[in-house]
Structures are given as structure tokens and as C-alpha cells.
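Enquirer: Heads up, the numbering used here is the position in the sequence shown plus 541, with the first residue counted as 1. Next up is a structure, given as C-alpha cells.
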Amino acid sequence: MSEYTLCSIQSGRPLQDVIYLKDDEQSRHPCNSMDEEHRYEAENGDFCSTHFTVTQYEEAQSAKQVFDLVLSYICNIEKIDHTTIREDDGGDDKGVVQNRLVSTTYKNVKMESNTVMFSQYYDGTLDKRKCPGDSGYWLIVADFVDEDEQHPYLPDQRVRRDVNAVLEIREFVPQHPKSVAGGLPSCKPMVVLCRWVQNRMHYPSFPDCTEGWHELRMDLWGRALHHTIAENLRPRP
């Protein structure tokens, strides 16, 4: 597992750890949107990026509703981005999901990733932080698989993508409620998704076009996730 620069993780397996998304002056107000990104090229040519976002979904009825949408997106990600096939069985074993995916981008570059995701609900009574949110919250942790005998990486044919991610979904009551349609301010809880993602694109060891390599650097996963949630929360006519 790579170093989580924005999180504090105690030793142990995922979801047995205590995971705290960063708490600083910019991220203390979860009802305010935030988008922070750091991108750089490593000395060996690999491209790395770290993305931290705080997104509010006012149309959501509960944190569980947004959690279900995120989990559905993860389990069906091969149907959303690029032309993607799934090499694993796609099973969900008590909150554990493996995504072994191979994508072909619009520039005809193949990319592979092997990620294991763990999801769990946490009772807020066990959370020692003083937080204005709901008593409980949902957490999804993702970590890349370095070696897999059943599904080995093919560096001479595909670009390898390593992903680490932490997603926290909980409800907050706005500190400064906004008036709705000129009426009284609403104190309805707001569902907030905090997402921290670290990507590492391994520089290809095979001939590759420049346009295809730059296309892989885009944060398509994050944008597609937000679009999917927003579309499903939109009221139907």
C-alpha cells in the first residue's frame, strides 16, 4: 500500500484501520465545495496525481443512497469509461470488490488496473472526532494489487495504472442554511462526499503515441463518478 499523504492510517488491514481525511482550514466546512489537485511527472517518466474533492448532493435523501450509487458505479465501471472489459468475476463478497479492468482509450492505447475495494458502515458513537455530521458514515477504501498470478500485468502491451482512494460519505447540517425559493432557510441535512484519490500511470515500455499518453492523464474516473451520482439523484418527470 502506498503512503497516504492526506490521511492518517494506523497499521493493519483496510477497514480495520482508523482513517481520517485531512482536516485543515480549507476542509473544515464540509458544506462548502472544494477541489484540490497535484500532478507531476516522476523521474522515471511515470505520471502521478493526487486529487481531493468535497462534493455536496442536496437532492440526496440519505448518505446510504449516495453510497449505493457509488458502489454501483464501482461494480459497473467497465460500462462507463472508454471501451473497458472486466477480467475478474466482478463479485461482491461482504463489502470486498476486485476490479481487474482493461481499457482501450479513444487514442487506441490499452490501460490495465487491478484494484481491491473495501466498503463498510461506521457507527458514529465510535468516532472520537468532534464532527457536526451524522452519527454514522460510509467509507470506501481502494488499494491497487501489485501482483496477481491469475491476472498478471502485461507491461509490453498495456499501460499500468495504480489507484489508491478513500471515499467518505456522511450527512451534515449546514452551518448557514440557504433559503429555498424565497422561503425560510432549510435545515435539511446535506449529503457530502469527500474523495481522496492517488493515481500512478506507469510510463509505457512499448511504442506509444504522445496523444494517447496525455489522454490517460485525465481524471475521467472522478468526473464520471460525479456525473453518475448527479444524474441518478435528479428528479424524474
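Glycine is no exception: its CB is placed at the ideal position from the N, C-alpha and C atoms.
1) Answer yes or no: do C572 and M742 have a C-beta to C-beta separation smaller than 8 Å?
2) Give the C-beta separation of I681 and L708 to the nearest angstrom, bearing in mind that I take them to be a contact with Cβ-Cβ under 8 Å.
3) For a test of the three-state rule: what should DSSP assign to L612, helix, strand or coil?
4) When you compare each of N773, A771, P745 to F588 by their alpha carbons, which one comes out closest?
5) If we ignore side chains and look at the alpha-carbon of each, how far apart do C616 and T594 end up?
6) From S644 to Q602, what distance separates their C-alpha atoms?
7) Using the rule of at least 16 other Cβ atoms within 10 Å of the residue's Cβ for burial, across every protein chain shown, is L613 buried or exposed?
8) Please go through the same chain and pick out, in chain order, the residues whose beta-carbon is closer than 8 Å to the beta-carbon of E582, but skip the five residues on each side of it.
9) Considering Cα atoms alone, identify which of T646, F713, W737, R701 is closest to Y598.
10) Put L642 into one of helix, strand or coil per three-state DSSP.
11) Going by DSSP, name the residue or residues bridged to T769.
12) Helix, strand or coil for E577? Go by DSSP, reduced to three states.
13) Rounded to the nearest angstrom, what separates G711 and D697 at their Cα positions?
14) Cutting at 8 Å between CB atoms, please list the residues of its own chain near D675, excluding the five before and the five after it.
15) Rounded to the nearest angstrom, what separates Q837 and E628 at their Cα positions?
Expert: According to the structure data:
1) no
2) 4 Å
3) helix
4) P745
5) 21 Å
6) 34 Å
7) Reading off the sequence, residue 613 comes out as Ser, not Leu. Under this definition S613 is an exposed residue.
8) F588, C589
9) F713
10) strand
11) Per DSSP, none; premise fails for T769.
12) strand
13) In the sequence as presented, Gly is not what sits at residue 711; that position holds Arg. Each residue's Cα considered, the two are about 42 Å apart.
14) Reliability fails at D675, whose pLDDT of 46 lies under 50, so the model's placement of it is uncertain and no value is given.
15) Nothing about residue 837 can be read from this structure; the chain reaches only from 542 to 778.
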